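In my numbering, the protein residues as written are 22 to 173. Glycine included, each C-beta is placed from N, C-alpha and C at the ideal position. As the structure is a computational prediction, the values presented were derived from the model and not from experiment.
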């Protein structure tokens, strides 16, 4: 008999789940979600308070890369952007997947981004600090080469 101790999640992902499922399982590729930690939430970690939650902006109907750039360029991070992209594989054929774009990472934002990636099986993470870092061709090149997570 195997006994599994329930491990409490460090974050409450419920608010993100439906949005990620909608983005991932749509019939047409494209779109994105902007996720940020809920700064107004009261949390008392010493007394096992509630796990931090997130605020989600759903842009699943925005299919142009310019929409992502326009939405992010005047925003301050850290923001976690989940992108639905399609790219051409080096060996041929197209592939569609979700990519985490961490906009203006700071402090412990990498830990939060990794937790989101782990929870929703997002295999690639791109760090962006400026508008120049939001080059879709660089992101697709990074993903198509199968680079390890967290290397850019």
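Judging by CA-CA distance, which residue of 121, 127, 39 is the nearest neighbour of residue 135? It is 121 whose Cα lies nearest to the Cα of residue 135.
For my contact list, residue 155 and residue 89 are in at a C-beta cut-off of 8 Å; report their separation, rounded to the angstrom. 7 Å between Cβ atoms; contact.
Helix, strand or coil for residue 139, going by three-state DSSP, please let me know. Residue state, collapsed to three classes: helix.
So, with DSSP's three-state summary, where would you put residue 111? Coil.
On the criterion of 16 or more Cβ atoms from any shown chain inside 10 Å, does residue 138 qualify as buried, or is it exposed? Buried: at least 16 other Cβ atoms inside 10 Å.
CB residue 108 to CB residue 165, shorter than 8 Å? For residue 108 and residue 165, yes; Cβs fall inside 8 Å.
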